[in-house]
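Student: In this note's numbering, the protein residues as written are 84 to 580. Virtual Cβ for every residue (Gly too), placed ideally from N, Cα, C. There's a structure below that I have some questions on.
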Amino acid sequence: MVTMFEPDESAMVPIIRRMAGPHVNLVHTIYRMVAYGFYHYGFPHFAPSAIILKLLTFFGQGENLSLVMLSLRQLISVLPMIASLWVLVYLQDQFKTWRSIALLVFLLAVPAVVQNGYWWHPDGLVMLFSSLVLYFLWKDKRTFGKNFFIAAILCGILVALKVVGFFFFLTIAVVLIWGLIEKRLTWKQFFLKGIQFILIMAVAIVVASPHLLIPNHRAFAFTVLKREIFETSKGYGIFYEKGLFSAWPTMRAFYGEAVFLLTAIGVSIWSLWNEKRRFLTVLILSWFIPLSIHLFFFSHFKYQYWLPVAIPLFSNLAFLLPGGKGEGVQQDKNKVVKLILLLIVVVQFGLFLVKDVELFKERNNRAENNPAIQFYDKALVELASVTQDKLVYYDYRLYMLEKPGWFVENSFDLLTYDYIRSRNFDLLFLSQQRILDYLHPSAVGLDPSTFAQSQEFYRDANEETLEGYKLLLRDDTVLLYIRQDLCKKYYSPGRCD
84 MVTMFEPDES AMVPIIRRMA GPHVNLVHTI YRMVAYGFYH YGFPHFAPSA
134 IILKLLTFFG QGENLSLVML SLRQLISVLP MIASLWVLVY LQDQFKTWRS
184 IALLVFLLAV PAVVQNGYWW HPDGLVMLFS SLVLYFLWKD KRTFGKNFFI
234 AAILCGILVA LKVVGFFFFL TIAVVLIWGL IEKRLTWKQF FLKGIQFILI
284 MAVAIVVASP HLLIPNHRAF AFTVLKREIF ETSKGYGIFY EKGLFSAWPT
334 MRAFYGEAVF LLTAIGVSIW SLWNEKRRFL TVLILSWFIP LSIHLFFFSH
384 FKYQYWLPVA IPLFSNLAFL LPGGKGEGVQ QDKNKVVKLI LLLIVVVQFG
434 LFLVKDVELF KERNNRAENN PAIQFYDKAL VELASVTQDK LVYYDYRLYM
484 LEKPGWFVEN SFDLLTYDYI RSRNFDLLFL SQQRILDYLH PSAVGLDPST
534 FAQSQEFYRD ANEETLEGYK LLLRDDTVLL YIRQDLCKKY YSPGRCD
């Protein structure tokens with residue numbers, strides 16, 4: 084179920100199992116904890132996850148996968164997300180008025196926030212650390228003291244968690260320039276504080292990424308980082324569409340209608356004229372702009388990538404709510420404009436709730452009448468006569484319950500004949516959607532020669548002419564192939580010609 088519904092989760096579960104041990108001695112246990120070998124996400128994500136698994140194991144629940152996944156999702160995704168929203172709400176209203184409750188409820192209803200609570204992934208922690216960076220920079224009030232350097236530490240941890248932390252470069256530059264303009268900093272102090280921030284941040288990155296102290300793991304981590312940067316900017320196997328137009332369907336589904344998003348941006352710009360709110364707004368906008376530009380124009384867009392900047396931007400909508408000191412509707416000359424914009428927000432809140440219910444129903448009922456599960460049940464009946472042990476390949480997002488005598492593998496990479504032949508699989512469970520994706524006329528491979536080989540494999544699979552294999556069963560979701568010699572051994576000659 085985990086592999087079918089959340090392949091990212093299934094790839095990470097073996098990692099924290101290895102980190103949690105047990106191992107032969109204390110030294111090897113520590114080594115395996117810090118040199119975990121899966122550097123797509125950082126140690127600040129995997130370390131607490133492994134500790135949670137270890138605690139569950141201590142109470143005899145380490146093999147209770149349902150409880151393990153529930154615990155990881157709640158403690159690594161949901162709890163940090165809620166904490167980050169509390170931080171953002173505090174920044175806007177300091178919990179002084181009813182606006183704090185209204186803003187918290189609104190932010191909790193954003194579909195991207197709801198959806199992120201349904202999986203175990205680093206993005207809840209990314210939200211928390213990015214919100215804390217904003218908080219400590221705001222709390223520092225351009226004094227460039229202790230809180231400024233706490234922000235540097237947190238920014239370093241955020242980089243170790245996900246390189247998204249580097250996008251705070253504009254925020255830090257703006258804060259330093261502001262201090263220079265206000266004459267809180269001399270030119271010498273300007274450069275000194277900037278260098279100190281970078282150095283503290285660099286130390287925090289290393290401390291939060293202890294595998295960087297191990298030469299072979301450091302080299303591997305940088306290799307993974309380069310591949311991740313390439314894949315997020317280009318695509319996985321094939322070129323992914325980039326740009327605001329291609330991102331819009333996902334943005335609309337998880338963040339709201341265009342008029343609402345423009346309202347959030349417009350209100351943020353408007354609030355720059357409010358002296359009491361100006362510094363916070365500048366912090367949020369200087370964080371929002373560079374990452375948004377990167378996501379819209381230099382990377383393919385996924386809903387979770389925009390979370391750490393979109394939600395702080397939405398928190399600026401507190402500016403529209405009456406009840407703040409000096410901001411009440413009765414004293415506000417622009418109360419009509421504010422009420423119109425607030426009406427847009429209220430309507431979007433209603434649309435958010437509709438989407439949230441839809442997401443919940445989809446999540447809650449996703450195993451019922453699932454075509455991949457139904458196909459697997461049919462496949463078991465079809466394969467009942469095949470009695471020997473089987474080496475089985477299955478595409479991720481397909482259902483595969485390991486059975487005695489079944490040795491299963493899957494791959495995130497595009498398939499080729501060379502890979503299938505090298506493993507000599509007995510059975511192949513292939514995703515029809517994956518085949519169609521890679522055969523689509525608009526699909527362009529990152530490596531043309533390798534992609535041509537993959538397309539040859541997928542074209543033959545789709546046309547039921549897969550060399551060395553015979554199609555046993557097919558529907559709109561899955562294709563089941565058996566090796567030709569096994570087909571002749573277990574089925575009638577007419578079935579395998």
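Around the C-beta of threonine 346, are 16 or more other C-beta atoms found within 10 angstroms, so that it is buried, or is it exposed?
Tutor: Counting Cβ neighbours within 10 Å, threonine 346 comes out buried, since at least 16 surround it.
Student: Tell me whether glutamate 324 sits in a helix, a strand or coil according to DSSP, three-state version.
Tutor: Reduced to three states, the DSSP call for glutamate 324 is coil.
Student: How long is the line joining the alpha carbons of arginine 360 and leucine 186, rounded to whole angstroms?
Tutor: Cα to Cα, arginine 360 sits roughly 16 Å from leucine 186.
Student: What are the uninterrupted segments assigned as alpha helix (DSSP H) that are 4 or more residues long and contained completely in the stretch 509-573, given in chain order?
Tutor: Entirely contained in the stretch 509-573, the alpha helix (DSSP H) runs reaching 4 residues are, in chain order, 515-522, 531-545 and 567-573.
Student: In whole angstroms, what is the alpha-carbon distance linking phenylalanine 231 and asparagine 507?
Tutor: Those two C-alpha atoms are separated by around 58 Å.
Student: Which value, in whole angstroms, describes the spacing of the CA atoms of isoleucine 184 and leucine 404?
Tutor: So the alpha carbons of these two residues sit roughly 11 Å apart.
Student: Please classify aspartate 559 as buried or exposed, where buried requires at least 16 neighbouring CB atoms within 10 angstroms.
Tutor: It counts as exposed.
Student: Give the straight-line distance between the Cα atoms of lysine 385 and valine 172, rounded to the nearest whole angstrom.
Tutor: Rounded to the nearest angstrom, the two C-alpha atoms are 25 Å apart.
Student: Answer yes or no: do isoleucine 503 and leucine 510 have a C-beta to C-beta separation smaller than 9 Å?
Tutor: No, Cβ-Cβ distance for isoleucine 503 and leucine 510 is not below 9 Å.
Student: From which residue to which residue does the alpha helix (DSSP H) around leucine 474 run?
Tutor: Premise fails: leucine 474 lies in the beta strand (DSSP E), 473-477, not in any alpha helix (DSSP H).
Student: Using a 10 Å radius around the Cβ and a threshold of 16 neighbouring Cβ atoms, would you call glycine 125 buried or exposed?
Tutor: Flag for glycine 125 reads buried.
Student: Which value, in whole angstroms, describes the spacing of the CA atoms of serine 494 and valine 527?
Tutor: Going from the Cα of serine 494 to the Cα of valine 527 covers about 20 Å.
Student: Which whole-angstrom value describes the C-beta separation of leucine 498 and serine 537, a residue pair presumed to lie in contact below a C-beta threshold of 8 Å?
Tutor: That belief holds up - the Cβ atoms of leucine 498 and serine 537 are roughly 6 Å apart, short of 8 Å.
Student: Does DSSP put phenylalanine 465 in a helix, a strand or coil?
Tutor: Checking the displayed sequence, the identity of residue 465 turns out to be glutamate instead of phenylalanine. In the structure shown, glutamate 465 sits in a helix (DSSP, three-state: H, G or I).
Student: Just tell me which of Cys238, Gly228, Gly277 and Ile372 has its CA closest to the CA of valine 392.
Tutor: If we check each option's Cα against that of valine 392, Ile372 comes out closest.
Student: Assuming tryptophan 489 is part of the beta strand (DSSP E), what are its boundary residues?
Tutor: From DSSP, the beta strand (DSSP E) with tryptophan 489 extends over 489-492.
Student: Where does arginine 310 land, buried or exposed, given buried means 16+ other C-beta within 10 angstroms?
Tutor: Counting Cβ neighbours within 10 Å, arginine 310 comes out exposed, since fewer than 16 surround it.
Student: Can you give me the C-alpha to C-alpha distance between isoleucine 427 and leucine 400, rounded to a whole angstrom?
Tutor: Rounded to the nearest angstrom, the two C-alpha atoms are 11 Å apart.
Student: Classify glutamine 413: buried if its beta carbon has 16 or more other beta carbons within 10 angstroms, exposed otherwise.
Tutor: With a pLDDT of only 44 at glutamine 413, under 50, the local geometry of the prediction cannot be trusted, and no value is derived from it.
Student: With aspartate 601 and phenylalanine 490 assumed to form a contact (beta carbons below 8 Å), what rounded beta-carbon distance in angstroms separates them?
Tutor: Because the chain is modelled from 84 through 580, residue 601 falls outside the range shown and cannot be assessed.
Student: For the alpha helix (DSSP H) containing alanine 393, name the first residue and the last one.
Tutor: Segment 386-398, the alpha helix (DSSP H) holding alanine 393.
Student: Say whether the stretch 154-172 touches the stretch 127-146, bearing in mind that this needs 3 or more beta-carbon pairs closer than 8 Å, one atom from each stretch.
Tutor: Yes, the stretch 154-172 is in contact with the stretch 127-146.
Student: Quick one: which unbroken alpha helix (DSSP H) runs of 4-plus residues sit fully inside the stretch 259-340? Chain order, please.
Tutor: Entirely contained in the stretch 259-340, the alpha helix (DSSP H) runs reaching 4 residues are, in chain order, 270-290, 298-317 and 327-338.
Student: Is the CB-CB distance between serine 213 and leucine 241 below 9 Å?
Tutor: Contact: yes.
Student: Where do the N-terminal and C-terminal ends of the alpha helix (DSSP H) with glycine 433 fall, by residue?
Tutor: 418-447 is the extent of the alpha helix (DSSP H) around glycine 433.
Student: Do methionine 210 and methionine 164 have their C-beta atoms closer together than 9 Å?
Tutor: Cβ distance < 9 Å, so methionine 210 and methionine 164 count as in contact.
Student: What's the call for glycine 409, buried or exposed, on a 16-neighbour Cβ count within 10 Å?
Tutor: For glycine 409, the predicted model reports a pLDDT of 47, less than 50, meaning its position is unreliable; a value from the coordinates is still stated below. Under this definition glycine 409 is an exposed residue.
Student: Tell me, to the nearest whole angstrom, how far the beta carbon of valine 350 is from that of phenylalanine 402; I am working on the premise that it is less than 8 Å.
Tutor: About 6 Å; that satisfies the 8 Å criterion.
Student: Select from Val307, Leu327 and Ala243 the residue whose C-alpha is nearest the C-alpha of valine 289.
Tutor: That would be Ala243, whose Cα lies nearest to the Cα of valine 289.
Student: Let's see if you can read the secondary structure: which residues bound the alpha helix (DSSP H) around alanine 234?
Tutor: Note, alanine 234: alpha helix (DSSP H), 229-244.
Student: Using alpha carbons as the reference points, say which of Leu344, Phe251 and Tyr119 lies closest to alanine 234.
Tutor: Ranking Leu344, Phe251 and Tyr119 by Cα distance to alanine 234 puts Phe251 first.
Student: Locate the alpha helix (DSSP H) running through valine 107, then write down its first and last residues.
Tutor: Premise fails: valine 107 is in no alpha helix (DSSP H) and is neither H nor E.
Student: In three-state terms, what does DSSP make of glycine 411?
Tutor: Residue placement at glycine 411 cannot be trusted, given a pLDDT of 46 that sits under 50; the coordinates are not used to answer.
Student: Among the residues of its own chain, which have a CB less than 6 Å from the CB of glycine 248, if the five just before and after it don't count?
Tutor: Same-chain partners within the cutoff: Cys238, Leu241 and Val242.
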